[in-house]
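Undergrad: Sequence order for the protein chains is A and B.
Residue numbers for the first sequence follow numbering that gives the first Met the number 0, so the first one is 0 and each next one is one higher.
Residue numbers for the second sequence follow numbering that gives the first Met the number 0, so the first one is 0 and each next one is one higher.
There are 2 protein chains.
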Amino acid sequence: MTYCVALKLDRGLVFMSDTRSNAGVDDISQVLKVNSWEVPGDRAIVLLSAGNLATTQTVASLLDERAHAADPLSPSILTAHSMFQAATVVGNTLREVVTSISPLIPPSASPFGATFILGGQVGTEAPRLFLIYPEGNFIEAGDDNPFFQSGETKYGRPMLVRALDRAMTFEAAVKLLCVSFDSTIRANAGVDLPIDLRVIPANEHRISEKRRFERDDPYFNRVSREWSKALNEALSLLPDFNF
Amino acid sequence: MTYCVALKLDRGLVFMSDTRSNAGVDDISQVLKVNSWEVPGDRAIVLLSAGNLATTQTVASLLDERAHAADPLSPSILTAHSMFQAATVVGNTLREVVTSISPLIPPSASPFGATFILGGQVGTEAPRLFLIYPEGNFIEAGDDNPFFQSGETKYGRPMLVRALDRAMTFEAAVKLLCVSFDSTIRANAGVDLPIDLRVIPANEHRISEKRRFERDDPYFNRVSREWSKALNEALSLLPDFNF
Numbered sequence: 000m001t002y003c004v005a006l007k008l009d010r011g012l013v014f015m016s017d018t019r020s021n022a023g024v025d026d027i028s029q030v031l032k033v034n035s036w037e038v039p040g041d042r043a044i045v046l047l048s049a050g051n052l053a054t055t056q057t058v059a060s061l062l063d064e065r066a067h068a069a070d071p072l073s074p075s076i077l078t079a080h081s082m083f084q085a086a087t088v089v090g091n092t093l094r095e096v097v098t099s100i101s102p103l104i105p106p107s108a109s110p111f112g113a114t115f116i117l118g119g120q121v122g123t124e125a126p127r128l129f130l131i132y133p134e135g136n137f138i139e140a141g142d143d144n145p146f147f148q149s150g151e152t153k154y155g156r157p158m159l160v161r162a163l164d165r166a167m168t169f170e171a172a173v174k175l176l177c178v179s180f181d182s183t184i185r186a187n188a189g190v191d192l193p194i195d196l197r198v199i200p201a202n203e204h205r206i207s208e209k210r211r212f213e214r215d216d217p218y219f220n221r222v223s224r225e226w227s228k229a230l231n232e233a234l235s236l237l238p239d240f241n242f
Numbered sequence: 000m001t002y003c004v005a006l007k008l009d010r011g012l013v014f015m016s017d018t019r020s021n022a023g024v025d026d027i028s029q030v031l032k033v034n035s036w037e038v039p040g041d042r043a044i045v046l047l048s049a050g051n052l053a054t055t056q057t058v059a060s061l062l063d064e065r066a067h068a069a070d071p072l073s074p075s076i077l078t079a080h081s082m083f084q085a086a087t088v089v090g091n092t093l094r095e096v097v098t099s100i101s102p103l104i105p106p107s108a109s110p111f112g113a114t115f116i117l118g119g120q121v122g123t124e125a126p127r128l129f130l131i132y133p134e135g136n137f138i139e140a141g142d143d144n145p146f147f148q149s150g151e152t153k154y155g156r157p158m159l160v161r162a163l164d165r166a167m168t169f170e171a172a173v174k175l176l177c178v179s180f181d182s183t184i185r186a187n188a189g190v191d192l193p194i195d196l197r198v199i200p201a202n203e204h205r206i207s208e209k210r211r212f213e214r215d216d217p218y219f220n221r222v223s224r225e226w227s228k229a230l231n232e233a234l235s236l237l238p239d240f241n242f
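(1) Distance, Cα to Cα, P74(A) vs L159(A)?
(2) What residues in its chain sit with their C-beta under 7 Å from that of R94(B), if we drop five residues either side in the sequence?
(3) Using beta-carbon positions only, say whether F14(A) and R165(A) come within less than 8 Å of one another.
(4) Locate the alpha helix (DSSP H) running through S227(B), then write down its first and last residues.
(5) Using three-state DSSP, classify P126(B) as helix, strand or coil.
(6) Leaving out five residues before and five after A43(B) in sequence, what residues of the same chain have Cβ atoms less than 7 Å from its Cβ?
(7) For F242(B), does the count of other Cβ atoms within 10 angstroms reach 16, so buried, or fall short, so exposed?
(8) Mind listing the chain A neighbours of Y2(B)? Cutoff is C-beta to C-beta under 7 Å, in chain order.
(9) Is the beta carbon of P217(A) within less than 7 Å of some heavy atom of the ligand PLP?
(10) So M15(B) is in the beta strand (DSSP E); what residue range does that whole segment cover?
(11) What residues from the region 142 to 165 of chain B come within 8 Å of chain A, judged by C-beta to C-beta, listed N to C?
(12) Give the interface partners of I21(A) over in chain B, defined as CB-CB distance under 8 Å, in chain order.
(13) Can you check DSSP and say which residues form a bridge with S149(B)?
(14) Assign V178(A) to one of two classes, buried (16 or more other C-beta atoms within 10 Å of its C-beta) or exposed (fewer than that).
(15) Helix, strand or coil: which one does DSSP assign to S207(A)?
(16) Checking contacts by CB at 8 Å: is A140(A) closer than that to chain B?
(17) Return the CA-CA distance between V45(B) and I131(A), expressed in angstroms with no decimal places.
(18) Just curious, the beta strand (DSSP E) that L117(A) is in, first and last residue?
(19) Starting from the N-terminal side, write out each stretch of the alpha helix (DSSP H) that is 4 residues or longer and does not extend beyond the region 56 to 114 of chain A.
(20) With a threshold of 6 Å on Cβ separation, who are the neighbours of E213(B) within its own chain once the five nearest residues in sequence on each side are excluded?
(21) If G89(A) and G112(A) are in contact, beta carbons under 8 Å, what's the gap, nearest whole angstrom?
(22) Would you please verify whether the beta carbon of R221(B) is less than 8 Å from any beta carbon of chain D?
(23) Could you work out which residues of chain B lie near K267(A), taking near to mean beta carbons separated by less than 8 Å?
(24) So, is the C-beta of Y218(A) closer than 8 Å to a C-beta in chain B?
(25) Could you check which residue in V4(B), F240(B), K228(B) has the C-alpha nearest to that of P217(A)?
(26) Which partner residues of F137(B) appear in the DSSP bridge assignment?
(27) Give the interface partners of L230(A) over in chain B, defined as CB-CB distance under 8 Å, in chain order.
(28) Looking at the secondary structure, which residues open and close the beta strand (DSSP E) in which D164(B) lies?
(29) Applying the criterion that 16 or more other CB atoms from any shown protein chain within 10 Å of the CB defines a buried residue, is Q29(B) buried or exposed?
(30) Just grab the DSSP bridge partners of S35(B) for me.
(31) Where does the unbroken alpha helix (DSSP H) through L176(A) begin, and where does it stop?
(32) Would you say R156(A) and Y2(B) are within 8 Å of each other, going by their C-beta atoms?
(33) Between A188(A) and chain B, is there a C-beta pair that is closer than 8 Å?
(34) Taking the alpha carbon of L175(B) as the point to measure from, which residue in V222(B), A53(B), S20(B), D70(B) has its own alpha carbon closest?
(35) Tell me whether the beta-carbon of F169(B) lies closer than 8 Å to the beta-carbon of R10(B).
(36) Between the beta-carbon of I116(B) and the beta-carbon of A5(B), is there less than 8 Å?
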């Protein structure tokens, strides 16, 4: 299982991803689900992966190889003129990989399917955020839905919906994401620490934060502990039902 | 969609169920998903339904008809000597209905499948609570898992897991259930008010509360409003992340 979230804030983009991969409960391992590309002054792009691990790793490797094998005729993640074009490149690569391994099954039904969250900023465009489906098509986050989740999305969604505010600081956004991950990790054994954080501040064309929260991270554990306490206190302050 | 929860507390059993049924977003209706049977001084039983509506209604009608057509050789929901036996009757009836309508499909994969939560007290037994699968087999709630959910379970689960305490009062339990339903209703348009409440106090062999929370219920709306406020305040009191 996987839990990935990306927020599109006024200040820029924030990405968080867990690192747990499992092929059954007896085959659990830790993998990096974040890929990123930076060209100082030109672009910063982050890709979060959910789904079949062979597919997501192959897509990321192809994106990398094609970015460095200069084919001037076809755009790569490093030469795309816009984030829309970059999302198209990722979507086409994903569809190519999924249909090559399971050509007779629709990509959405394929056991080798995957979903990506792609965000970043290219040139003078504003930062943009996309959710890319196994078929290779994608949707973009707007003002009404300034975030995307993938993987085990439900446990951690209510607090995101209640508290997400596009004007919030990166510091408050990381707190909110830690709360969202805490609810998910408590509920689904297929999602766990460490979790990876990436931040792309608007108009800086760089990834300003690359940080991993390990299992013993004092901040995450404090948020987890205090959030649990605060929820129980908040519940106790609500009026009991009166029969 | 559906959301049903039942709690097994020291004081007895508490059941809550939404009333929304939909066959596509253009075909939404309101149905009662609660059935109950009472024999004063002998038994009180509540059944919550999730899944295919034709199946759940047929099962409930068969349980009713067979309870009143006195066949002394086969136990009915009104003559079963234990809640285990009652769960067996419900499970067998469910399997019978599902396999009669889709004999070539395993019940768990059938579009006509359903899941029941059955709880109650028979005779001198303690109150018991069961989750009955489309195959007709079932599991029982114990001290380690004193509740069952069915339908859209994920959004409302984190608070149940955090705050449920077998020693809690019915008044506090209804508050907790309202919070759990509020998170679910906000997230899934297939779950909505009105919601139905049933309470079986231990050793009284009766349903002490049969209440419906309508859309304009002042208590539910107060909990919903104050819970939202309390969550945002609790989040704001947690320490922001420090890069």
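Using N, Cα and C, we set each Cβ at its ideal position, and we do this for glycine too.
TA: For this structure:
(1) Position 75 of the first sequence, counted from the first residue, corresponds to residue 74(A). Position 160 of the first sequence, counted from the first residue, corresponds to residue 159(A). Roughly 35 Å separates the two Cα atoms.
(2) Locating residue 94(B) in the second sequence gives position 95, where the first residue counts as 1. Excluding residues within five positions, the ones whose Cβ falls inside 7 Å are P106, E134, G135.
(3) By 1-based counting over the first sequence, the position of residue 14(A) is 15. By 1-based counting over the first sequence, the position of residue 165(A) is 166. Cβ atoms of F14(A) and R165(A): not closer than 8 Å.
(4) Numbered from its first residue, the second sequence carries residue 227(B) at position 228. Where S227(B) is concerned, the enclosing alpha helix (DSSP H) stretches over 217 to 236.
(5) The residue you call residue 126(B) lines up with position 127 of the second sequence. In the structure shown, P126(B) sits in coil (DSSP, three-state: anything other than H, G, I, E or B).
(6) Along the second sequence, read from residue 1 onward, the residue named residue 43(B) stands at position 44. Closer than 7 Å at Cβ, skipping near neighbours: E37, G119, Q120, I199, H204, R205, I206.
(7) Position 243 of the second sequence, counted from the first residue, corresponds to residue 242(B). Label assigned to F242(B): exposed.
(8) The residue you call residue 2(B) lines up with position 3 of the second sequence. Chain A residues near Y2(B): none, gap ~12 Å exceeds 7 Å.
(9) Of ligands this structure carries none, so the ligand PLP is not represented either.
(10) Position 16 of the second sequence holds residue 15(B). Start and end: 11 to 17.
(11) K153, Y154, R156, P157, M158, V160, R161, A162
(12) What you label residue 21(A) is simply residue 22 of the first sequence in a count that begins at 1. Before going on, a small fix: residue 21(A) reads as Asn here, not Ile. Near N21(A) there are no residues of chain B at all, since even the closest Cβ is about 18 Å away, more than 8 Å.
(13) On the second sequence, residue 149(B) is found 150 positions in, with the first residue counted as 1. C3(B).
(14) Along the first sequence, one-based indexing puts residue 178(A) at 179. With 16 or more other Cβ atoms within 10 Å, it is buried.
(15) The residue you call residue 207(A) lines up with position 208 of the first sequence. It is coil, neither helix nor strand.
(16) Here the question's residue 140(A) lines up with position 141 in the first sequence. Output row for A140(A): interface = no.
(17) Here the question's residue 45(B) lines up with position 46 in the second sequence. Here the question's residue 131(A) lines up with position 132 in the first sequence. Cα to Cα, the separation comes out at about 45 Å.
(18) Within the first sequence, numbered from 1, the residue matching residue 117(A) stands at position 118. 113 to 121 is the extent of the beta strand (DSSP E) around L117(A).
(19) 82 to 100
(20) As a position in the second sequence, residue 213(B) is number 214, starting the count at 1. Once the five neighbours on either side are set aside, the close Cβ partners of E213(B) are P193.
(21) As a position in the first sequence, residue 89(A) is number 90, starting the count at 1. As a position in the first sequence, residue 112(A) is number 113, starting the count at 1. Residue identity differs from the one stated: residue 89(A) is Val in this sequence, not Gly. That pair is no contact at about 14 Å.
(22) In the displayed structure, chain D is absent; the protein chains listed are A and B.
(23) The shown model of chain A, from 0 to 242, leaves out residue 267(A), and the question about it has no answer.
(24) If you number the first sequence from 1, residue 218(A) lands on position 219. For Y218(A), the answer is yes, since a Cβ of chain B falls inside 8 Å of its Cβ.
(25) For the purposes of this step, residue 217(A) is taken as the residue at position 218 of the first sequence. Measuring from the Cα of P217(A), the nearest candidate turns out to be F240(B).
(26) Translated into the one-based positions of the second sequence, residue 137(B) becomes position 138. Per DSSP, I131(B).
(27) Counted from its first residue, the first sequence places residue 230(A) at position 231. Residues of chain B passing the Cβ test: M158, R161, A162, L230, A233.
(28) What you label residue 164(B) is simply residue 165 of the second sequence in a count that begins at 1. Where D164(B) is concerned, there is no enclosing beta strand (DSSP E), given that its DSSP letter is neither H nor E.
(29) As a first step, residue 29(B) must be located in the second sequence, where it is residue number 30. Exposed, since its Cβ has fewer than 16 Cβ neighbours within 10 Å.
(30) Here residue 35(B) corresponds to residue number 36 of the second sequence, with the count starting at 1. BP columns for S35(B) point to V45(B).
(31) Position 177 of the first sequence, counted from the first residue, corresponds to residue 176(A). Residues 169 to 186.
(32) Sequence index remark: in the first sequence, residue 156(A) carries index 157 (1-based). Sequence index remark: in the second sequence, residue 2(B) carries index 3 (1-based). Contact flag unset, no.
(33) Translated into positions along the first sequence, residue 188(A) becomes position 189. It does not: the Cβ of A188(A) has no partner Cβ on chain B nearer than 8 Å.
(34) As a working note, residue 175(B) is residue 176 in the second sequence. For L175(B), the nearest C-alpha among the options comes from V222(B).
(35) Taking the first residue of the second sequence as position 1, residue 169(B) is located at position 170. Taking the first residue of the second sequence as position 1, residue 10(B) is located at position 11. Yes, these two residues count as a Cβ contact at 8 Å.
(36) One-based indexing of the second sequence puts residue 116(B) at position 117. One-based indexing of the second sequence puts residue 5(B) at position 6. Cβ atoms of I116(B) and A5(B): closer than 8 Å.
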